[in-house]
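Asker: Just so we're aligned: the sequence shown equals residues 1 to 211 in the UniProt record's numbering.
First, the structure itself, so that you have it in front of you.
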Amino acid sequence: MNKIYIVGIGPGSSDYLTKKAIETVKNSDITVGSERAIKLFDEIQEKISFNVKDLVEKLEEAVELAINGSTVSILSTGDPGFSGVLKTVLRIADEKGFNKENIEVIPGISSLQLAAAKNHIQWDMANVMTFHGRENIEDILPVINNGKTTIALPSRKVKDMAQFLLDNNVNPNRKVTVCERLSYDNEKIVHSTLKEIANSEFTYMCIMIIY
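Quick look at the structure:
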């Protein structure tokens, strides 16, 4: 039994990779991640790529490889502990009898942190929420009017989140910022209103800030 590293790769640009992440991947026997994540690293010994459909299968393979003696790095977008793969890897490791003491998490910069920085928000004073992979987004309703800025990772399209809030009587003129494809060359930050955002199109790579 060897070691598993769950490596946060930041919001997507290699500019936000930590030195620790780069060194960990360089020294691992096998690196497992999405193609987009793997391409961030110049030095990888052996790679296994996954997509949304085979994610769990490839994570199970990664744990098996570690059980059989390989040092494995699993790449997680942003920070592994925030809408990342940490929870899933820990579950699989427990099911397969892999000692979690042999799992090390390498933190990364979350896109929510970058969104807060871009918009000069003291994010420990904000409601920070993720709805990634969740159908039930009602948890935002008890906090949306508590006087704090809300920074959210939407579950589906940004306009769906905006429409949900409108349907639940949130002021249509509420100020909203959408941060799209943060850290990429085509990064876009849009300042608008809830009503306008509900009628706009964005990619899935977005952070929504509601003031």
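Heads up, the beta-carbon is just placed ideally off N, CA and C, and yes, glycines get one too.
In this text, all values refer to a predicted model and were calculated from it rather than measured experimentally.
Is the distance from the Cβ of L182 to the Cβ of A115 below 8 Å?
Answerer: Their beta carbons are under 8 Å apart, which means L182 touches A115 by this criterion.
Asker: In the DSSP assignment, what are the bridge partners of E180?
Answerer: Bridge partners of E180: K188, C206.
Asker: Restricting to Cα atoms, I'd like to know which of N27, V85, K20 is closest to N51.
Answerer: Checked all of N27, V85, K20; the closest Cα to N51 is V85.
Asker: Is DSSP giving K47 helix, strand or coil here?
Answerer: Strand.
Asker: Compute the Euclidean distance between the alpha carbons of I207 and E180, then round it to the nearest angstrom.
Answerer: Spanning the two alpha carbons is a distance of roughly 7 Å.
Asker: Thinking P11 and G81 are a contact (beta carbons under 8 Å), I'd like their distance in whole angstroms, please.
Answerer: Not quite, the Cβ-Cβ distance comes to about 15 Å (not below 8 Å), so this is no contact.
Asker: With C-beta atoms as the reference, is I121 less than 8 Å away from T149?
Answerer: Against a cut-off of 8 Å, the Cβ pair of T149 and I121 comes out as a contact.
Asker: Report the start-end ranges of each beta strand (DSSP E) in the segment 64 to 138 that is 3 residues or longer and not cut off at the edges.
Answerer: List check, beta strand (DSSP E) in window: 72 to 76, 103 to 106, 127 to 130.
Asker: Looking only at its chain, what residues have a beta carbon closer than 6 Å to the beta carbon of I210, apart from the 5 residues adjacent to it on each side?
Answerer: Once the five neighbours on either side are set aside, the close Cβ partners of I210 are T150, V176.
Asker: CB-CB under 6 Å to N127, same chain, minus the five flanking residues each way: which ones, in chain order?
Answerer: Same-chain partners within the cutoff: V143, K148, T150.
Asker: Between the alpha carbons of V105 and V89, how many angstroms are there, rounded?
Answerer: If I take the Cα positions, the gap works out to 11 Å.
Asker: Just to confirm, is the Cβ distance from T18 to G108 under 8 Å?
Answerer: It is a contact, given that the beta carbons lie within the stated cut-off.
Asker: Pull up the distance between the alpha-carbon of Y5 and that of V72, whole angstroms please.
Answerer: About 6 Å.
Asker: What residues in its chain sit with their C-beta under 7 Å from that of K26, if we drop five residues either side in the sequence?
Answerer: Result list for K26: E43, in chain order.
Asker: Measure the CB-CB distance between S28 and I38 and report whether it falls below 8 Å.
Answerer: No, the Cβ-Cβ distance between S28 and I38 is not below 8 Å.
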